[in-house]
Amino acid sequence: MPMPLQVTYILPRASHAASLIAQGFFASFVFGILLLLAVAGYRLFFHPLSRIPGPRLAAITNCWLAYHVRNGHMLQLGKTLHTKYGSAVRIGPNEVWFNTKDAFRLIYSPTNGYEKSSFYLATELLKPRLDAHLRIQSPDTLDLLAERDMKRYRLQRRLIGPIYHTNNVKRYEAAVDAVLLRVIDQLRTLDGSEVDLKEWMHIITVECLGAVSLSWSPSYLADKSDGASGKHAYMGWRRKSVFGLFPLAVILEPLSKHFGRAFSVLWGVTYHTPKEGFKPFFPAVQKKITQRVRAVLRGKSKRDNRRDIMADLIQLHQDRPDEFKEQYLRRMAITNFGAGHETMTSTLISTFAMLGAHPEAQHRVAQEVPPCAGPLAYDDAVRLQLTQASIKEAQRLHPVIGMALPRRVPRTGMAVHGLCIPRGTTVGCNPVSLHRSADIFGRDAEAFRPERWLGGGNGGGDDDDSTRVMERYNLIWGGGARTCPGRHLAEMLVSKIVPALVANFEVEVTMPPEDEMPYYFMAMLTGVTARFVPKKVASQESEVTE
Numbered sequence: 001m002p003m004p005l006q007v008t009y010i011l012p013r014a015s016h017a018a019s020l021i022a023q024g025f026f027a028s029f030v031f032g033i034l035l036l037l038a039v040a041g042y043r044l045f046f047h048p049l050s051r052i053p054g055p056r057l058a059a060i061t062n063c064w065l066a067y068h069v070r071n072g073h074m075l076q077l078g079k080t081l082h083t084k085y086g087s088a089v090r091i092g093p094n095e096v097w098f099n100t101k102d103a104f105r106l107i108y109s110p111t112n113g114y115e116k117s118s119f120y121l122a123t124e125l126l127k128p129r130l131d132a133h134l135r136i137q138s139p140d141t142l143d144l145l146a147e148r149d150m151k152r153y154r155l156q157r158r159l160i161g162p163i164y165h166t167n168n169v170k171r172y173e174a175a176v177d178a179v180l181l182r183v184i185d186q187l188r189t190l191d192g193s194e195v196d197l198k199e200w201m202h203i204i205t206v207e208c209l210g211a212v213s214l215s216w217s218p219s220y221l222a223d224k225s226d227g228a229s230g231k232h233a234y235m236g237w238r239r240k241s242v243f244g245l246f247p248l249a250v251i252l253e254p255l256s257k258h259f260g261r262a263f264s265v266l267w268g269v270t271y272h273t274p275k276e277g278f279k280p281f282f283p284a285v286q287k288k289i290t291q292r293v294r295a296v297l298r299g300k301s302k303r304d305n306r307r308d309i310m311a312d313l314i315q316l317h318q319d320r321p322d323e324f325k326e327q328y329l330r331r332m333a334i335t336n337f338g339a340g341h342e343t344m345t346s347t348l349i350s351t352f353a354m355l356g357a358h359p360e361a362q363h364r365v366a367q368e369v370p371p372c373a374g375p376l377a378y379d380d381a382v383r384l385q386l387t388q389a390s391i392k393e394a395q396r397l398h399p400v401i402g403m404a405l406p407r408r409v410p411r412t413g414m415a416v417h418g419l420c421i422p423r424g425t426t427v428g429c430n431p432v433s434l435h436r437s438a439d440i441f442g443r444d445a446e447a448f449r450p451e452r453w454l455g456g457g458n459g460g461g462d463d464d465d466s467t468r469v470m471e472r473y474n475l476i477w478g479g480g481a482r483t484c485p486g487r488h489l490a491e492m493l494v495s496k497i498v499p500a501l502v503a504n505f506e507v508e509v510t511m512p513p514e515d516e517m518p519y520y521f522m523a524m525l526t527g528v529t530a531r532f533v534p535k536k537v538a539s540q541e542s543e544v545t546e
C-alpha cells in the first residue's frame, strides 16, 4: 500500500533535517563562545592597553563601567580606582583614566588635538545619523557640550563670547537681586523646617536663570516646589551616561524608537514622567523663546528692548545673521537653561552641603559677609575671599561632572608615564579623582578646607605656587579649550546667592551615606536635607539654651 511506504520514506528525511539544524545551532553556539573567548583573550593579553592596570572585566567589555554608571557608583569609583590601581587605570576595552598633572596637560591642552570622544553623541540635542558612507553626521546646530567640529565650535564661542563676558552679565544683576529678595522671603516662611536641599537649590537656580535669560519666572518660588522637574532631569542623565558608553546604540536609536526603549529596559535606565504634580519648565521656556523671536524677526517690532540674555542673542542675530543663524539663536537661548539649571544646582548643593556639614566654616563665611539691606553687588561679592574659597572647595570635592571628560587620542598617539597609548583610544581625567590628588591639592586633599585656596599651601611648596597649581589643574569648569561658555554667568549668580543666604540663615544639613548619593556623568549630592533657620530664630534659640 502507498501510504506506509510514503511515511517510511518521509520520516528519515525529516529527522535528518532536524539533526542538521541542531548541529548548525550547536556549531554556531560553539563558534560564538570561542569568538568571545578569543576577543576576551586578546583584550586581556595582547591589546595595546593590556599592560595598564584596572578591573579585569573592564578590559573585556564596557558593560563593567555601564553597570557602575547605571547604579550611580561614580563617586565611589572616582575615590578608589586610582588609589587601588595607580595613576593610569583602564576602565574599558579602549578607555583609560588618569589623575596626574602630566596627563592633564596632554589631554586638555588647546593645541594637542585631543577631540571629544563619541561618548558625547548621547548628549546631543539633535541625535546624530549615519550618512551613505556610514560616517557619523551631527546636525549643524549650536550644541556647545556635544559639538565635535572644532572649527564650528570656535566660531560659535567667538560669536557668543561678549554676551557671556563678566562685564555684560553684570547688567542683569538687578533681576537677580529681585529674585533673591523673593527667595529670602519664601525661605523665612518655612520657619526652619526641613526641606530637600536639591529641590530648593533647583528652584533658586531656575528662577534666577529665568530672570536673566527671559525676564520670566516659572513660579517655582511661589509654589515652593520645582514640580519634580529636577529629579526627572537627573534621571535623564542616568540614561545618557549609560548610552554614551555604547555609541552604536545612540546612532541606532533614531532609526527605531523601539530599539532605544529596548536598550533602556535592558540596562534599567528607563524613567517615566510623574503622573501628578509634574511641572517641567522647558515647554514654557520654548514658548517664550518662540514668542520673543517671532515678535522681532517677523516684523512686529524692530528690536527687543528687554535687558536680558534673550534680547542680546536676538541683537547678535540681527547684527550677524549669516554667522549667528536663527537656529543658533534658538538653541543658545534654550542652552541657558539646559546647560545651566543642573550645573548651577549641583554647585549650590555642594556649597551649602559643605557649609552645613562644617559649621565652623559657615560661621567664618557669615562673619565675612557684611550686614546689608539687600543682596550684595557682584563686585563686592567676589571680594569675599573666604566665601569664594568655600565655593571653590565645595566644587573641588563634589564637582559637577562625575565621570572623566573623555577625549580621543590624536594620530600622533600619547606617551605618558612610560605608556604608549595608541591613536583613537579614549582618555580623560575624572574630576572626582583629580581633585583629590595629593600632588595637586595637598596631603589633606580629602578634607574640606577652604583656606587652601587663600595661599594656605597644599603641602607641596610655596603658597602662591600651590594656589596657581590648584587653579590650573582642576576640571571645575571643564578642561582646556572646552571650558564652560557660561562660566561668568554662573559665577555671578553663585557669588550673589551664597552670601545672600548665609547672611540671612543658619544652614543645617543632614547628609546621607555616600553610597546612597548616585553620581552619573552629571553629578549631584542627592538626598541631602536642610534647614534654613532665619538668623533671628537661631539667635533666640541660642539665648533660650543659655
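Under the UniProt record's numbering, think of the first position of the sequence shown as 1, with each following residue one higher. We put the beta carbon where it would ideally sit given N, CA and C, even for glycine.
Return the chain-ordered list of same chain residues with a C-beta closer than 7 angstroms to the C-beta of residue i, the five sequence neighbours on each side being excluded.
i, result
"ILE349", "LEU197, LYS198, MET201, MET524, LEU525, VAL528"
"ARG436", "LYS79, ALA445, GLU446"
"ALA122", "LYS240, PHE243, GLY244, VAL250"
"SER106", "The identity of residue 106 in the sequence shown is Leu, whereas the question assumes Ser. Closer than 7 angstroms at the Cβ level, and outside the excluded window around LEU106, lie ASN112, MET414, VAL416."
"ILE309", "ILE163, VAL212, SER213, ASN336"
"ALA233", "GLU342"
"GLN269", "In the sequence under discussion, the amino acid at residue 269 is Val, which differs from the Gln named in the question. Only ARG70, ARG238, ARG239, VAL242 meet the Cβ criterion."
"ARG188", "PRO534"
"TRP64", "PRO55, LEU57, ALA58"
Grab me the residues of residue i's own chain with a C-beta within less than 6 angstroms of its C-beta, minus the 5 sequence neighbours each way, in chain order.
i, result
"LEU125", "ASP143"
"PRO375", "ASP177, LEU180, LYS496, ALA500"
"THR205", "HIS341, MET344, THR345"
"CYS208", "VAL176, VAL179, LEU493"
For residue i, report the span of its alpha helix (DSSP H) as first-last.
i, result
"TRP453", "TRP453 -> no alpha helix (DSSP H), and no H or E assigned at all."
"MET344", "340–357"
"ILE440", "438–441"
"PHE104", "101–108"
"ALA59", "56–60"
Does the beta-carbon of residue i have 16 or more other beta-carbons within 10 angstroms, so that it is buried, or is it exposed?
i, result
"ILE46", "Correcting the residue type first, residue 46 is Phe in the shown sequence and not Ile. Classification for PHE46: exposed."
"GLY461", "Residue confidence for GLY461 is low, a pLDDT of 42 falling below 50, so the modelled location carries little weight; the figure read from the coordinates is stated next. With fewer than 16 other Cβ atoms within 10 Å, it is exposed."
"PHE31", "exposed"
"ILE314", "buried"
"TYR42", "exposed"
"LEU475", "buried"
"ALA530", "buried"
"PRO485", "buried"
"ARG135", "exposed"
"ASN167", "exposed"
"ASP515", "exposed"
"ALA27", "exposed"
"PHE29", "exposed"
"CYS429", "buried"
"THR426", "buried"
"ASN305", "exposed"
"residue 570", "Look at the range of the chain in this structure, 1 to 546, and you will see that residue 570 is not part of it."
Per DSSP, residue i forms a beta bridge with which residues?
i, result
"THR80", "According to DSSP, which records beta bridges pairwise, THR80 is partnered with nothing at all."
"TYR519", "HIS73, ALA523"
"ALA415", "CYS420"
"PHE532", "VAL507"
"THR141", "The partner list for THR141 (beta bridge, DSSP) is empty, contrary to what the question assumes."
"VAL427", "VAL96, ARG407"
"ALA88", "PHE98"
"ILE136", "LEU130"
"GLU115", "ARG408"
"GLY478", "ILE476"
I'd like the list of long-range same chain contacts for residue i, defined as Cβ closer than 8 angstroms, with 5 residues on each side in sequence excluded.
i, result
"ARG494", "Checking the sequence, you will find Val at residue 494 rather than Arg. Same-chain partners within the cutoff: MET344, THR347, LEU348, THR351, ILE391."
"THR141", "LEU125, LEU126, GLN327, TYR328, ARG331"
"VAL537", "At VAL537, the pLDDT of 45 sits below 50, so the modelled position is not reliable and the matter cannot be decided from this model."
"ILE52", "ALA88, VAL89, ARG90, VAL96, LEU419"
"GLU323", "LEU155, LEU159"
"SER50", "ARG43, LEU44, ALA59"
"GLU393", "MET354, PHE448, ARG449, PRO450, ARG452, TRP453"
Following the continuous beta strand (DSSP E) through residue i, name the residue where it begins and the one where it ends.
i, result
"PHE98", "95–98"
"ALA122", "Premise fails: ALA122 is in no beta strand (DSSP E) and is neither H nor E."
"GLU323", "Element bounds for GLU323: n/a, residue is neither H nor E."
At 4 residues or longer, what runs of the alpha helix (DSSP H) sit wholly inside the segment 261–320? 282–297, 309–319
Run through the segment 215–262 for me and flag every whole alpha helix (DSSP H) of 4 or more residues, listed as ranges in chain order. 220–223, 229–243, 247–252
Enumerated in chain order, which unbroken segments of the alpha helix (DSSP H) with a length of 4 residues or greater are wholly contained in the segment 362–392? 378–381
Whole alpha helix (DSSP H) runs in the segment 155–225 with 4 or more residues, listed along the chain? 166–169, 173–189, 197–214, 220–223
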